[in-house]
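Engineer: Here it is, the structure, as structure tokens.
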Ligand SMILES: Nc1ncnc2c1ncn2[C@@H]1O[C@H](COP(=O)(O)OP(=O)(O)OP(=O)(O)O)[C@@H](O)[C@H]1O
Ligand SMILES: [Mg+2]
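Residue numbers (UniProt numbering), protein chains in the order written: chain Y, 1 to 228; chain H, 1 to 297.
What follows is the structure, given as structure tokens:
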């Protein structure tokens, strides 16, 4: 599913963010990526959807080599990878429904497909009754659920989340985790970078720890393992 | 591209136009001013060219043949003139015919000259035309050096001045137009830049969920196109109305026998189409500049 072979990333300013990272993530896995601030977690994640390109090494997503992928094929790669961020990135002038539908409209999905599918994913994130709300009328947790709905509306094989609970209180964070777990159970591979110790320790999923741009620990049913 | 997608791009482009308020106004105004100048200039130039064309029949060299020359020598001269390569046409007017024309042109007063028929004072004449009227002087000089030429006549000075004047008008107009053109492109590029900045998050999300680059770019091209086309509207209306009025009042009453101004149709139609095309090209050009620089996709 996702394969990295001896991947290196040096930013143009000379910062070496990832240094010889090799990892294999299978279809349907749920993976936490942990590590101290500046360890290279976000960089690792950005390389999966080709926001950043590795300086060296190969990355394979669904056996497509991103290093060899032509620029014009990148949009089609992205349709198979949903991404969620700490700051939601919703469009403030659109309703909940429109924010989610937007992701289907811009890849030219049909009108009927859009209506059905959007209501379907709003149901998954339990926001069906708030479809007509504006983002500013929602709580942080609800806004993040909209962002998740948007990320999965095109049925990607992988959902990537970079600190999705970073701005949320513990209860709301758990709400989000249950939704991600449910999405994972429906067959979507989930990769999530986080600093949330209690979530990682309680869920007991695979944990990949990154330090100094390398994998320092990779456990099948791991714990957070840092004091923070 | 699906019809629905085309509709979406046009709607988005239109929304941007409305959203940008003052910048839209500034860009459209710049295009308007530019196209007004282009259109007015075009109408002047086309009429000047038309005037030059009308004169062309008068841009000719009259070669008076030596009265001593016999038929074979005249033929030799005609041949020599014909081999000058700027020459397009040589017409021979025998002196009898010349006199006939002269008497006729005087009408009733011509009767006084009837007696000239016995002792025709005129020369045989070759009327020579250069392929390009600007070469008239050159042709005249060459003919002057041939043998059996008594004298030549041509209206050099007026034409020299006319051609110099139109060249000057052309250069000034072109410089002005190029300056205005770049101003318009610059303003449109800036308007599109504002749109791109305002829609940063939207563009970021589009990229993230896998919209193609061309899908992301289209609304910006449409916005530029609309700015250019809107800018063409006022010049087209003003110039159509203005030229129509001008033509109605003095189009055919120029006081010159050989010259009328170009009729309002098809001049207005041609000019309008051209302005519309220039507006569209300038608009798309401006948005292309910003899309390349700021969209980074
Ligand atoms: N666009 C960039 N240009 C230059 N350097 C960068 C860029 N992005 C990240 N870095 C640097 O690369 C290193 C790794 O950053 P990264 O964002 O991957 O860390 P992280 O593990 O996600 O940290 P955090 O937990 O704080 O989010 C850091 O030293 C950072 O300063
Ligand atoms: Mg990070």
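Even for Gly, the Cβ is constructed at its ideal location relative to N, Cα and C.
Is the beta carbon of residue 143 (chain Y) closer than 8 Å to that of residue 135 (chain Y)?
Structural biologist: Yes, Cβ-Cβ distance for residue 135 (chain Y) and residue 143 (chain Y) is below 8 Å.
Engineer: Mind listing which residues of the segment 29-41 of chain H have their C-beta closer than 9 Å to chain Y's C-betas, in chain order?
Structural biologist: Cβ contacts with chain Y come from no residue of the segment 29-41 of chain H.
Engineer: With distances taken between CB atoms, is the gap from residue 7 (chain Y) to residue 15 (chain Y) smaller than 8 Å?
Structural biologist: No, these two residues do not count as a Cβ contact at 8 Å.
Engineer: Using only CA atoms, which one of H:19, H:33, H:44 and H:10 lies nearest to residue 167 (chain H)?
Structural biologist: Comparing Cα positions, the closest option is H:44.
Engineer: List the residues of chain H that residue 83 (chain Y) touches, going by C-beta distances under 9 Å, in chain order.
Structural biologist: Correct list: 208 and 209.
Engineer: Who pairs with residue 60 (chain Y) in a beta bridge, going by DSSP?
Structural biologist: Residue 60 (chain Y) pairs with Y:3 and Y:65.
Engineer: For the pair the segment 20-32 of chain H and the segment 87-96 of chain H, tell me if three or more CB-CB distances fall below 8 Å.
Structural biologist: Because the criterion of three Cβ pairs below 8 Å is not met, the segment 20-32 of chain H and the segment 87-96 of chain H do not touch.
Engineer: Mapping DSSP to helix, strand and coil, what is residue 19 (chain Y)?
Structural biologist: In the structure shown, residue 19 (chain Y) sits in a strand (DSSP, three-state: E or B).
Engineer: For residue 209 (chain Y), is the beta carbon positioned less than 7 Å from some heavy atom of ligand 2?
Structural biologist: No, since every heavy atom of ligand 2 falls outside the 7 Å radius drawn around the Cβ of residue 209 (chain Y).
Engineer: Indicate whether at least one CB of chain Y lies closer than 8 Å to the CB of residue 10 (chain H).
Structural biologist: So no, residue 10 (chain H) is outside the interface.
Engineer: Give the interface partners of residue 108 (chain Y) over in chain H, defined as CB-CB distance under 7 Å, in chain order.
Structural biologist: By Cβ distance, chain H contributes 2 and 5.
Engineer: Who are the near neighbours of residue 294 (chain H) in its chain, counting only those whose CB is closer than 6 Å to its CB and skipping five residues on each side?
Structural biologist: Same-chain partners within the cutoff: 193 and 196.
Engineer: Quick check for students: name the residue ranges of the alpha helix (DSSP H) that lie wholly in the UniProt domain "ABC3 transporter permease C-terminal" (175-293) of chain H, counting only runs of 4 or more.
Structural biologist: Fully enclosed alpha helix (DSSP H) runs of 4 or longer: 200-208, 213-250 and 264-290.
Engineer: Going by C-alpha distance, which of Y:40, Y:9 and Y:45 is nearest residue 25 (chain Y)?
Structural biologist: When only C-alpha atoms are compared, the closest one is Y:45.
Engineer: If residue 119 (chain H) and residue 110 (chain H) are in contact, beta carbons under 8 Å, what's the gap, nearest whole angstrom?
Structural biologist: So it is not a contact: roughly 16 Å between Cβ atoms.
Engineer: By Cβ distance, which residues of its chain are closer than 7 Å to residue 187 (chain Y), with the 5 residues on each side in sequence left out?
Structural biologist: 28.
Engineer: Let me see if you follow: with CB-CB separation under 8 Å, is residue 205 (chain H) close to chain Y or not?
Structural biologist: At least one chain Y Cβ lies under 8 Å of residue 205 (chain H).
Engineer: With a Cβ-Cβ cutoff of 8 Å, do residue 20 (chain H) and residue 183 (chain H) count as a contact?
Structural biologist: Going by C-beta atoms, residue 20 (chain H) is not nearer than 8 Å to residue 183 (chain H).
Engineer: Residue 215 (chain H) touches chain Y at which residues, Cβ-Cβ below 9 Å?
Structural biologist: Neighbours of residue 215 (chain H) on chain Y, chain order: 75, 106, 107 and 108.
Engineer: Taking all protein chains shown into account, decide if residue 306 (chain H) is buried (16 or more other Cβ within 10 angstroms of its Cβ) or exposed.
Structural biologist: Since the displayed chain H opens at 1 and closes at 297, residue 306 (chain H) lies outside it and no answer follows.
Engineer: Who are the near neighbours of residue 9 (chain H) in its chain, counting only those whose CB is closer than 7 Å to its CB and skipping five residues on each side?
Structural biologist: Closer than 7 Å at Cβ, skipping near neighbours: 218, 219 and 222.
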